[in-house]
Amino acid sequence: MDKSLIGDPLSRVDGRLKVTGGAKYSGEWELPGLAYGVLVPATITNGSVVSMDVKAAERAPGVLAVITPFNTPGVPGFKPDASQPVRGLKLFNDKLIYFNGQPIALVVAESFEKATHAASLVKASYQQDVFETDFDKNRDKGVVPQGGKYKDYVRGEADAYKKAPVVIEQEYRQPSEMHNPMELHVTIAAWDGDDKVTVYTKSQGVIGTQRSIANAFGLKPENVQVNSRFVGGAFGSSLRTWPHEIASVMAAKLLKRPVKLTLTREQMFTLVGHRPLTIQKIGLGATSDGKLVGITHESISQTAVYEEFTEGSVNVSRFLYESPNANTRYKVIPLNVGVPAPMRGPGEATGSFALESALDELAFALKMDPIELRLKNYTERDPERNLPWSSKYLKECYTRGAERIGWENRPSKPGTLREGEWLAGYGIGCGAFGAFRGRALAKVRMMADGTVNIQSATSDIGPGTGTAMTLIASDLLGVPAGRITFELGNSSFPTAPTQGGSSTVSSVGSAVHDACMAFKQKMYALAGMPENSSDPIDYVAVLKQHNLPFFELTEESQSSQQAKNYSMYSFSAHFAKVHVHPLTGAVKVKRLIAVVDAGRIVSYKTASSQMIGGAVGGIGMALTEEAIFDHKYGRYVNGNFADYHVPVNADIQDIEAIFIDKPDPYINPIGTKGIGEISLIGVAAAIANAVFNATGKRVRELPITPDKLI
Amino acid sequence: MQNDLQNYENPRDESRRDFLKQSSLLSAIALTPGAIRRAAENKWDEKIADEMGKVPLSLEVNGVPYNLKIDPRVTLLDLLREQLHLTGSKKGCDRGQCGACTVHADGARINSCLSLAVTNDGKKITTIEGLSRGDELHPMQEAFIKHDGFQCGYCTSGQIMSAVALVKEGRTQCAEQISEFMSGNICRCGAYSNIVKAIQEVKNQQS
Amino acid sequence: MNPFIYTRPADTGAAIKSLSRGNQAFFLAGGTNLVDMMKMGVVVPEKIVDINRLPLRNIEAVQSGLRLGALATNSEVADHPDVLKNYPLLSLAINAGASPQLRNMATVGGNLLQRTRCPYFFDLTMPCNKRAPGSGCGALAGFNRMHALFGASDKCIAVNPSDMSVALAALDAVVHVRGAGGDREIKFEDFHRLPGDEPQLDNTLAKGELIMAVDLPPSAFTKHVHYLKVRDRSSYAFALISVAVALDLDKDNNIKDVRLAMGGVAHKPWRLRASEDFLKGRSATEDNFKQAAQIAMQGAKAYQYNQFKLKLAPNTILQALKTASGQV
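Quick note, the sequences are listed as chains X, S and F, same order.
If you're matching positions, the first sequence starts at 1 in my numbering and goes up one per residue.
If you're matching positions, the second sequence starts at 711 in my numbering and goes up one per residue.
If you're matching positions, the third sequence starts at 918 in my numbering and goes up one per residue.
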């Protein structure tokens, strides 16, 4: 068997476990004496709990505990500190209610059925205060978010677009969207004595979760063991440790029994974040031949009253196109909603919908091809930071995507192309997302038989982390992929960052790279060969020669100083072809071509799937997804999988991923820039622009449902 | 066996209901005060009531017969996951809105989260764990690996169970038909097009 | 879910008796709707009468047409050779609803009793006259995008969510029921009711009555049929508007007979009799279809968020008629 090479289309290394039902997700660990926790949500939207009647619940068969703000055993780390702004929700720590659905009790019972039933028996009386969930009604109450990151930005002159010969000024709206990973958020907590706890939880970062739980319960981090070996999707919803995770640890401590707390799908609409409702104003000014002279991008999005979250929508307008003048502004409106969270392509997905739609409007006003307009304003340097790009092949993305989708068939006049009874149209939407690299460690161990085990406390929420790492190790060590195992999702493994921001392969992959290189050098040294030799080496013989049952080393890896001299981004150009039915307003995305400059592609097969999957998420954003509030009651009216529409199989036709696949020379030793976010960023605009091309109707409010097109 | 179980109209049902309402067996039985206290501490009345509320259930899961007594509220999905420890079938919504819990009941694909376990008395259930033969994967499982028909893997068991049934149903004439008849299985990672390819491959192998 | 008594009666007589003995007793068939509502606390049964073993699953030709046993699953009906041959509209409508898994569970009788998907009905913390009579209608001044255009009342503006029932209404089906007092037949159009002052009542079944079968009368609509469902995603979603069309055309493309019914617009499947009357005897032209679609909208009343249906409904009728007549 030969070694694999970086870039090979290796099948997922955990594929067999996943297709046989053998992959154990966090809620599936069998622990003796496991009890079941169910949360009781508040039914008011603002105010406080005055009293609770839990007698019936406590008396219900099989109930072990009903934890409320009135009897909570407390969490040691929840010390009120007036000097600190309120951050995060501390369940049962006080009686305040900030949003409808906020848990007011945790019922633990011998079975899921009993806990669920008992939870329905909990009664509460409230002090109800006036609440605000209506974004539009409170639009004038926007405030500039805290923190330097979100200050107003001005390059050149503010609002310079207004003076240009050709002006586009429009507002774009994207509703609240839900991550909705398939797996319900779940935590199992089991204490060993009163100073050690083991937690199985849905987490994108076991080290972060370990730290949060250790802080909350005043434990040494090493006494908190966090496992999250398989994660059933997350898309950002498991980037942080949520209140219910702390609550389950608290309940397990109280009962001295393992407790499993699973959120319902409905509870996931309020308790684990969302992409916040955002309205963006874009002003574009251009010369009559299409040169941008000013970009203004303002964003106002919702946040929670108890914690601030800002959707970083406007950043993209500062650097994606050349313009001497650019200014951006953030505002947030605190409302009585659960706190938002980063969701796949956070900020840029939202921002690119607005910017790329506006650019399409400008191209139409100029009677210019949208690609030509983008080329006209192409930047060879980052105009925001005034730094060279570490690498940028966006032009190649335009060319290859246009060729692949048949851009020449795009009608220059909207609403003129018919295919059968359908109106047809083409659109482009581009995206960029920062290419990051964090500090990470990896341990490589080779056994006497030559098999290799690598460990790092990273996660795999679906992209195929283990597969990518196996490819890197196989290529560098020269060991066949089948003889390598990669383990993750365990806080006792060498430290790695949380899986987010498309940075896992860049961070952890580099650690694996460096560890493998160091390992190889050590083995060459043991073999008495020059360290930088490229001659083949017989590891098994070396180990045997030195009488070693195994050999291992741990390597730390992080970004170089040199990297700071460059601006690093992944770039994408998405091309969509849509059909729109003139009578029913139905939209079909017939083809979607995603062309990506994400540096070197490590795991071709899983990367393609990730790109296609991001495009599916983009189709959802463009056409189907919207979480809807009833502002009279402050509750979601479609908080479930039947009425919040994520795309189904029938929504998806032909999607193709094309990689430029050129290594970035500066970001990391592998040259990879990341694809998780870029796969979604720009897709919604590409579809909205294609819908305009098909119909002549410009839809500036997502999702583009049939009612908006008839 | 089925005949014994079919007529489960228990004449004691109504009286059992009354019994449950009284909630305390202890008041009806003469016991010494100490025994009463011990019984209460051990929640005996609750445990007895609990047992009486259970319903017999015989079914076959992946060829293994089970004779159980269960709380009639338990869904087939929760029976599989929490009591039989067959966690391959997943819970994604618990309301028949996602398909992650898809299993075969007497050969038909169903949402096990909306099926009370007791209504499956006498049935043969197949879950993802029962699809492969030892180490030999079912062709659909092989095809899912080959075409990368999943990412996080959480919907995968349901997708595969659904896909196996779909091929049997003959709904594989074209990609569009496959997509339509696989639309009861949501995949948030967006592996749909690869799932369709996997199904097409299995279909072509069989024809 | 609350604890309940579970019973599995041996025959229909015992089932009906068992139901009548419980105050909050429910027949359980496929469970796709009832079990969901039990989980949400929308219904709180004291007793569940499992009727799945009753011999009501046959689909058979009878003198009056085709008889669909109440416990035949949606899939069994949709795939039945006689249905495919003689009632293709029914097969199309069934396959437009839910998912294959749900259609393998859901039954004919259960589908007729499927309750509304109105969000206020499903949320115990919000008012709903259908769930809790007298509590008010949350949808009236709330989120009413999915709601009725026809036959609503100020007590309830919910719609019936069934696709199958839209086709059954178009096909003049007859519902056979059995109660403590004996057997009776209910014309399909009389089976479901409008909300009026008692929106808690979806249909005209008497307490304790069991649906035994649905009969389809002989039908000439074997060729020019279509079921068009417009929704927010391509599949596995409830209708914004759905239209069932069955045309009987002569060789000159004149309409000998026609059936039209709409879903997603009323508390019951909405038969479009006036449009049918207009089309009968006329030729199958786009212009006539357009007029029929306009006629269908007489008396329509929209609310804040479903105004679009006033346009989407006639558009969908037109498109469905065009498709059924082979004009697209």
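Glycine included, every Cβ here is placed at the ideal spot set by N, Cα and C.
Determine the direct distance from the alpha carbon of residue j to that of residue i, and round the result to whole angstroms.
| i | j | result |
| --- | --- | --- |
| V616 (chain X) | T606 (chain X) | 15 Å |
| W422 (chain X) | P582 (chain X) | 7 Å |
| S1192 (chain F) | R344 (chain X) | 49 Å |
| Q302 (chain X) | V332 (chain X) | 5 Å |
| C823 (chain S) | S867 (chain S) | 14 Å |
| A448 (chain X) | C516 (chain X) | 17 Å |
| L1235 (chain F) | A1210 (chain F) | 6 Å |
| A1161 (chain F) | A978 (chain F) | 23 Å |
| L973 (chain F) | E963 (chain F) | 24 Å |
| P85 (chain X) | E307 (chain X) | Reliability of the predicted coordinates at P85 (chain X) is poor, the pLDDT of 44 falling under 50, and no value is obtained from them. |
| L735 (chain S) | G763 (chain S) | Its pLDDT being 39, under 50, L735 (chain S) is placed unreliably by the model, and nothing is read from it. |
| T1042 (chain F) | I1103 (chain F) | 35 Å |
| G431 (chain X) | D664 (chain X) | 18 Å |
| V508 (chain X) | P1017 (chain F) | 42 Å |
| A684 (chain X) | G614 (chain X) | 11 Å |
| I933 (chain F) | P766 (chain S) | 23 Å |
| E1126 (chain F) | V1094 (chain F) | 6 Å |
| W242 (chain X) | A481 (chain X) | 36 Å |
| A304 (chain X) | E132 (chain X) | 10 Å |
| G450 (chain X) | D514 (chain X) | 19 Å |
| A853 (chain S) | A160 (chain X) | 56 Å |
Quick one, are the C-beta atoms of residue i and residue j less than 9 Å apart?
| i | j | result |
| --- | --- | --- |
| C865 (chain S) | I835 (chain S) | no |
| G101 (chain X) | G338 (chain X) | yes |
| L261 (chain X) | Q204 (chain X) | no |
| I678 (chain X) | V596 (chain X) | yes |
| F575 (chain X) | Y393 (chain X) | no |
| Q941 (chain F) | V961 (chain F) | yes |
| Y1004 (chain F) | S1151 (chain F) | no |
| G230 (chain X) | C862 (chain S) | In the sequence as displayed, the identity of residue 230 (chain X) is Phe instead of Gly. Yes. |
| K3 (chain X) | G478 (chain X) | yes |
| D967 (chain F) | T829 (chain S) | yes |
| N1068 (chain F) | H1184 (chain F) | Rather than Asn, the amino acid found at residue 1068 (chain F) in this sequence is Gly. Cβ atoms of G1068 (chain F) and H1184 (chain F): closer than 9 Å. |
| S992 (chain F) | N1021 (chain F) | yes |
| N490 (chain X) | A468 (chain X) | no |
Using a Cβ-Cβ distance cut-off of 9 Å, determine whether residue i contacts chain X.
| i | result |
| --- | --- |
| K1072 (chain F) | no |
| K1226 (chain F) | yes |
| N1012 (chain F) | no |
| D788 (chain S) | yes |
| D1149 (chain F) | yes |
Is there a Cβ of chain F sitting closer than 9 Å to that of residue i, yes or no?
| i | result |
| --- | --- |
| V828 (chain S) | yes |
| T812 (chain S) | yes |
| S903 (chain S) | no |
Against chain S, with Cβ distances strictly below 9 Å, would residue i count as a contact?
| i | result |
| --- | --- |
| F921 (chain F) | yes |
| L184 (chain X) | yes |
| K956 (chain F) | yes |
| R925 (chain F) | yes |
Assuming residue i contacts residue j under a Cβ cut-off of 8 Å, what Cβ separation, rounded to an integer in Å, is found between them?
| i | j | result |
| --- | --- | --- |
| D382 (chain X) | S567 (chain X) | 4 Å |
| I472 (chain X) | V444 (chain X) | Actually they do not touch by this definition, with Cβ atoms about 11 Å apart. |
| A164 (chain X) | V293 (chain X) | 5 Å |
**Report entry** beta strand (DSSP E) segments (min. 3 residues) lying fully within the segment 1127-1165 of chain F
**Finding:** 1127-1133 and 1141-1147
**Report entry** Whole alpha helix (DSSP H) elements within the segment 579-636 of chain X, 4-residue minimum
**Finding:** 604-619
Query raised in the report: Taking only runs of the beta strand (DSSP E) that begin and end inside the segment 418-466 of chain X, which ones reach a length of at least 3 residues, in chain order?
Result: 422-434, 440-447 and 452-455
Query raised in the report: Which residue spans inside the segment 961-987 of chain F form an unbroken alpha helix (DSSP H) run of at least 4?
Result: As far as the segment 961-987 of chain F is concerned, it has no whole alpha helix (DSSP H) run of at least 4 residues.
Requested in this report: Any chance you could list the beta strand (DSSP E) runs of at least 3 consecutive residues sitting entirely within the segment 394-418 of chain X, in chain order?
Outcome: Those beta strand (DSSP E) runs which fall completely within the segment 394-418 of chain X and span 3+ residues do not exist here.
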